[in-house]
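See below for the structure under consideration.
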C-alpha cells in the first residue's frame with residue numbers, strides 16, 4: 049500500500065526540513081513522523097522518504113537499522129518498554145520486565161496475538177533516579193512496583 | 098547554598114516567571130560586549146564541560162575560527178544516555194529558558210546563526226516541554242530574527258530541536274553531528290576537530306546541556322563569582338544524579354568538590370536498610386567503580402576523582418549495597434556497551450561482545466579463574482584502539498571492577514570448569530529483527 053504523509057504531517061515535515069541546509073538531514077524527522085502516522089517503517093514509507101528527501105533506500109535502511117526506536121515491523125498498539133539497565137536493575141527492573149513478559153506471554157520485541165501489546169527490554173531511559181520504570185508508547189511510568197504494572201496493564205486494556 | 102542551574106523558583110519553566118526573575122538580562126549584557134569578551138569571561142570563570150570530558154568551555158569556544166567565510170553551528174548535546182545519568186531532563190523540565198538564554202550567549206560568542214539541540218528520542222515528553230519553551234521564546238522575540246529588535250543587536254540565531262531515535266553513541270560529539278546530518282551515528286576520526294570541520298564540513302561547537310545552562314549566571318554575576326564556587330580547578334555547582342540502593346535517589350545540585358559520602362548519606366538519605374556500601378560508580382556507568390572502602394574523603398570534582406582512581410563523567414552516582422551481585426551488574430553493563438557499539442572499529446565491535454559473553458559465562462557459574470585475566474586482556478585491547486571513547490567506556494568498568502573486586506569475582510569461579518570451545522569468532526553485532534521487504 050502506498051504511503052503518503054497526511055496534510056498536517058507533510059506541513060510539519062516541510063517545516064523541519066527547512067531547518068537544515070540539506071534535505072537529507074530531515075531523514076530522522078521524516079521517519080519519526082511516518083512512524084507516528086503508520087506505526088512502523090514499511091518499505092513504502094522508505095520509498096516515500098527516499099523520493100522526498102532525495103536519499104537512497106540504502107541510506108534510509110542504514111538509518112532505521114542503526115537507531116533502535118524506529119520500528120522495523122508493526123508493534124502493538126501499546127508498546128511497553130521496560131528498562132533493565134544497571135540503576136533500574138538494582139531496584140527491581142528485571143522483576144518488572146519478567147512480570148510483564150509472563151503476564152502477556154511474549155518475549156522481547158514480540159507482539160501479542162490481539163496486536164494490543166508489544167514488549168521491549170530497553171537500555172537506560174534516564175529514569176535512574178525514579179527506577180524502576182515502564183514506558184507505554186511515549187509516556188513514562190516511574191517509581192513503580194508489580195501492583196502498579198498490573199494497574200497500568202489493566203487500564204490500557206480498558207482503554208482499548 | 099545557591100543553586101545556579103536548578104534554582105528553587107516555582108514555575109520557572111514559564112517564560113514570564115523566568116523574565117520576572119531577571120531572565121534574558123544576561124543575553125542583553127552579552128550582546129553589548131564583543132564575542133571575544135564573552136569567550137574570555139567564560140574562560141576565566143573556569144567553567145568546564147558537564148558531559149564527561151570536563152574540558153574548558155571557553156577554551157572550546159576559542160577554537161572556532163574568527164573568519165565568517167563558512168556558516169558556523171552550535172550543537173547542544175542532550176542525548177543523555179549514559180546509565181546513571183538523568184540530569185538534563187531536569188533542565189528541560191524546570192529551567193528551559195536559562196538553557197535557551199545560554200544558547201543565545203554561546204551562539205553569539207562563536208557567531209553561530211543556527212543551533213541544534215540534540216535530544217534523545219526516548220525523551221518525547223521533555224522534547225515537547227522544551228519545544229513549548231522555545232515557541233514561547235520565539236513568540237516573545239528572544240530567539241530568531243526578532244531578537245535583533247528585542248536586544249538591539251545585529252546578531253540573530255535560530256534554535257531547532259533534533260530528535261534522536263535510540264542510540265547511545267550519538268552522545269559522542271562527532272556521531273551526534275552525523276546523526277543531525279541524517280546519517281547513521283558513526284563517530285568520526287579526529288582530527289579534523291569539529292571547530293574546523295563539523296556539521297557539513299563547517300566550524301561547529303558541541304556543548305552539553307548543563308554546561309550551557311551555567312552560562313547566563315556567569316555573564317550576570319561575573320567570572321570571579323563563579324570561579325569561587327566549589328573546587329577552584331572545577332568550579333561551579335554540578336548536578337549529581339544519585340541512583341541505586343539509596344533512600345532518596347534523585348538529582349542534587351551541589352558545589353563541585355562535595356564529599357561523595359556527604360551526597361550519599363546526607364542528601365540521598367543513606368543506603369536502604371542501613372546496609373554497607375559494596376561499590377559506587379561515581380560518574381555514570383562507564384566510569385571506574387570504587388570499592389566501599391575507597392569512598393572516605395573522596396571529593397566530587399574532576400581532579401579529586403582522578404586522584405581517587407575514577408572520573409567525574411556526568412556526575413551520575415550509582416550506589417550498590419553489600420548484597421549486590423557484582424558479576425550480574427558488570428554483565429549488564431557490558432551488555433549495554435555491546436548493544437551500543439556502533440560497529441565501526443573491530444576492537445570495540447568484537448571486544449564488547451566477548452566481554453559480555455565471558456561475563457554471562459561467569460554469571461551462570463561456568464567461568465574459570467583464567468576468564469578473569471581474559472576479561473582484563475580483552476578490555477585492555479579495546480582501550481585506546483578505537484575511534485571514539487565508547488571503547489574506554491566499555492573497557493573501564495570491566496578492567497577496574499575485576500581488578501578492584503577480584504575477590505568477589507574469584508569467589509564466583511570457585512571451581513575450575515573446563516569448557517568446550519563454544520565461541521566462534523564472528524561479528525556479534527545484532528540488528529535483531531528481520532526487515533520488511535521493500536516492494537517495488
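Protein chains in written order, with the working numbering: chain R, 49 to 208; chain F, 98 to 537.
We put the CB at the ideal spot given by N, CA and C, even for glycine.
Practice problem: For chain R, find out if any of its Cβ atoms is closer than 8 angstroms to the Cβ of residue 262 (chain F); answer yes or no. | Solution: For the purposes of this step, residue 262 (chain F) is taken as residue 165 along the second chain, with counting starting at 1. Closer than 8 angstroms to some Cβ of chain R, the Cβ of residue 262 (chain F) qualifies, so yes.
Quiz item: Using CA coordinates, which residue listed in F:476, F:150, F:196, F:505 is at the minimum distance from residue 491 (chain F)?
Solution: Residue 491 (chain F) sits at position 394 when you count from the first residue of the second chain. For residue 491 (chain F), the nearest C-alpha among the options comes from F:476.
Quiz item: Nearest-angstrom Cα distance between residue 279 (chain F) and residue 72 (chain R)?
Solution: Along the second chain, one-based indexing puts residue 279 (chain F) at 182. Along the first chain, one-based indexing puts residue 72 (chain R) at 24. Looking at the two C-alpha atoms, the distance is approximately 6 angstroms.
Exercise. Report the residue ranges of all alpha helix (DSSP H) runs contained in full by the segment 75-141 of chain R; include only those spanning at least 4 residues, in chain order.
Key: 75-86, 91-101, 105-114, 134-137
Quiz prompt | 6 angstroms CB neighbourhood of residue 222 (chain F) in its chain, flanking five on each side removed | solution = Residue 222 (chain F) sits at position 125 when you count from the first residue of the second chain. So the list is empty, once near-sequence residues are dropped.
Quiz item: Where are the beta strand (DSSP E) runs, 3 residues long or more, that stay fully inside the segment 402-483 of chain F, in chain order?
Solution: 413-418
Quiz item: Going by other Cβ atoms of all chains shown within 10 Å of its Cβ, with 16 needed for buried, is residue 249 (chain F) buried or exposed?
Solution: As a first step, residue 249 (chain F) is located in the second chain; it is residue number 152 there, counting from the start. Exposed, by the Cβ-count rule.
Quiz item: Which class does residue 326 (chain F) belong to by DSSP, given the choice of helix, strand or coil?
Solution: As a working mapping, residue 326 (chain F) is identified with position 229 in the second chain. DSSP places residue 326 (chain F) in coil when its eight states are reduced to three.
Quiz item: Just to confirm, are residue 389 (chain F) and residue 444 (chain F) a CB contact at a threshold of 8 angstroms?
Solution: If you number the second chain from 1, residue 389 (chain F) lands on position 292. If you number the second chain from 1, residue 444 (chain F) lands on position 347. No.
Quiz prompt | Reduced DSSP secondary structure (H/G/I, E/B, other) of residue 377 (chain F) | solution = Translated into positions along the second chain, residue 377 (chain F) becomes position 280. Three-state result, residue 377 (chain F): strand.
Self-check item: Segment contact flag, the segment 129-141 of chain R with the segment 421-430 of chain F, C-beta cutoff 8 angstroms, min 3 pairs
Solution: yes
Exercise. State the beta-bridge partners of residue 169 (chain R) as determined by DSSP.
Key: If you number the first chain from 1, residue 169 (chain R) lands on position 121. Residue 169 (chain R) pairs with R:130.
Quiz item: Are three or more beta carbon pairs between the segment 338-346 of chain F and the segment 363-372 of chain F nearer than 8 angstroms?
Solution: Verdict: yes, contact present.
Quiz item: Once you ignore the five residues that flank residue 514 (chain F) on each side, which residues in its own chain have a CB closer than 6 angstroms to its CB?
Solution: Counting from one through the second chain, the residue named residue 514 (chain F) turns up at place 417. Note on residue 514 (chain F): pLDDT 49, under 50, position unreliable in the model; the coordinate value appears next. Correct list, in chain order: 463, 465.
Quiz item: Can residue 372 (chain F) and residue 328 (chain F) be called in contact, C-beta distance under 8 angstroms?
Solution: On the second chain, position 275 is the one that residue 372 (chain F) refers to. On the second chain, position 231 is the one that residue 328 (chain F) refers to. No. Outside cutoff.
Quiz item: Straight-line CA distance for residue 422 (chain F) to residue 181 (chain R)?
Solution: In the second chain, the residue the question calls residue 422 (chain F) occupies position 325. In the first chain, the residue the question calls residue 181 (chain R) occupies position 133. Cα-Cα distance, rounded: 21 angstroms.
Quiz prompt | Straight-line gap, residue 118 (chain F) to residue 106 (chain F) (C-alpha atoms, nearest Å) | solution = Here residue 118 (chain F) refers to the residue found at position 21 when the second chain is read from its first residue. Here residue 106 (chain F) refers to the residue found at position 9 when the second chain is read from its first residue. Cα to Cα, the separation comes out at about 9 angstroms.
Self-check item: Where residue 138 (chain F) sits in the DSSP three-state scheme
Solution: Stepping through the second chain from its first residue, residue 138 (chain F) is reached at position 41. Of the three classes helix, strand and coil, the one that applies to residue 138 (chain F) here is helix, per DSSP.
Exercise. Give me whichever residues DSSP pairs with residue 259 (chain F) in a beta bridge.
Key: Translated into positions along the second chain, residue 259 (chain F) becomes position 162. In the DSSP output, where bridge partners are listed per residue, residue 259 (chain F) has F:215.
Practice problem: Check whether the Cβ of residue 384 (chain F) lies closer than 8 angstroms to any Cβ atom in chain R. | Solution: Position 287 of the second chain, counted from the first residue, corresponds to residue 384 (chain F). False, the Cβ-Cβ gap to chain R never drops below 8 angstroms.
Quiz item: Three-state secondary structure (DSSP) at residue 187 (chain R)?
Solution: To locate residue 187 (chain R), count along the first chain from 1; it is residue 139. Reduced to three states, the DSSP call for residue 187 (chain R) is strand.
Exercise. Can you give me the Cβ contacts of residue 286 (chain F) inside the same chain, cut-off strictly under 6 angstroms, excluding the 5 residues immediately before and after it?
Key: The sequence position of residue 286 (chain F) within the second chain is 189, counting from 1. Cβ within range, chain order: 484.
Quiz item: Quick one: complete alpha helix (DSSP H) runs, 4+ long, within the segment 164-242 of chain F?
Solution: The segment 164-242 of chain F contains these whole alpha helix (DSSP H) runs: 185-191, 193-207, 221-236.
Quiz item: Contact between the segment 182-190 of chain F and the segment 408-419 of chain F: three or more CB pairs below 8 angstroms?
Solution: yes
Self-check item: Reduced DSSP category for residue 296 (chain F) - H, G, I as helix; E, B as strand; rest coil
Solution: Taking the first residue of the second chain as position 1, residue 296 (chain F) is located at position 199. Residue 296 (chain F): helix per DSSP, three-state reduction.
Practice problem: Using alpha carbons as the reference points, say which of F:392, F:200, F:433, F:400 lies closest to residue 330 (chain F). | Solution: Looking up residue 330 (chain F) in the second chain gives position 233. Of the listed residues, the one whose Cα sits closest to residue 330 (chain F) is F:400.
Exercise. Can you give me the start and stop residues for the beta strand (DSSP E) that residue 106 (chain F) sits inside?
Key: Working through the second chain from its first residue, we reach residue 106 (chain F) at position 9. Unbroken run through residue 106 (chain F): none, as it is neither H nor E.
Practice problem: Would you please state the rounded distance, in angstroms, between the beta carbons of residue 177 (chain R) and residue 339 (chain F)? I believe it to be under 8 angstroms. | Solution: Taking the first chain and counting its residues from 1, one reaches residue 177 (chain R) at position 129. Taking the second chain and counting its residues from 1, one reaches residue 339 (chain F) at position 242. Contact annotation, residue 177 (chain R) with residue 339 (chain F): C-beta distance approximately 7 angstroms; criterion of less than 8 angstroms satisfied.
Quiz item: Out of R:52, R:63, R:68, R:56, which has the shortest C-alpha to C-alpha gap to residue 277 (chain F)?
Solution: Stepping through the second chain from its first residue, residue 277 (chain F) is reached at position 180. For the residues R:52, R:63, R:68, R:56, the minimum Cα distance to residue 277 (chain F) belongs to R:68.
Quiz item: What does DSSP give as the partner residues of residue 181 (chain R) in its beta bridges?
Solution: Along the first chain, one-based indexing puts residue 181 (chain R) at 133. BP columns for residue 181 (chain R) point to R:190.
Quiz prompt | Where the segment 280-307 of chain F meets chain R: residues whose CB sits under 8 angstroms from a CB there | solution = Listed by position, the residues of the segment 280-307 of chain F near chain R (Cβ gap below 8 angstroms) are 280, 281, 282, 297.
Quiz item: What is the DSSP secondary structure of residue 363 (chain F), reduced to helix, strand or coil?
Solution: Walking along the second chain from the start, residue 363 (chain F) turns up at place 266. Residue 363 (chain F): helix per DSSP, three-state reduction.
Quiz item: What is the rounded straight-line gap between the Cα of residue 164 (chain F) and the Cα of residue 275 (chain F)?
Solution: Counting from one through the second chain, the residue named residue 164 (chain F) turns up at place 67. Counting from one through the second chain, the residue named residue 275 (chain F) turns up at place 178. C-alpha separation (whole angstroms): 24 angstroms.
Quiz item: Using a C-beta cutoff of 8 angstroms, does residue 339 (chain F) count as contacting chain R?
Solution: Walking along the second chain from the start, residue 339 (chain F) turns up at place 242. Interface criterion met: the Cβ of residue 339 (chain F) is under 8 angstroms from a Cβ in chain R.
Quiz item: CB residue 326 (chain F) to CB residue 139 (chain F), shorter than 8 angstroms?
Solution: Along the second chain, one-based indexing puts residue 326 (chain F) at 229. Along the second chain, one-based indexing puts residue 139 (chain F) at 42. Cβ atoms of residue 326 (chain F) and residue 139 (chain F): not closer than 8 angstroms.
Practice problem: Just the C-alpha distance for residue 271 (chain F) and residue 282 (chain F), rounded to the nearest angstrom, thanks. | Solution: For the purposes of this step, residue 271 (chain F) is taken as the residue at position 174 of the second chain. For the purposes of this step, residue 282 (chain F) is taken as the residue at position 185 of the second chain. Looking at the two C-alpha atoms, the distance is approximately 8 angstroms.
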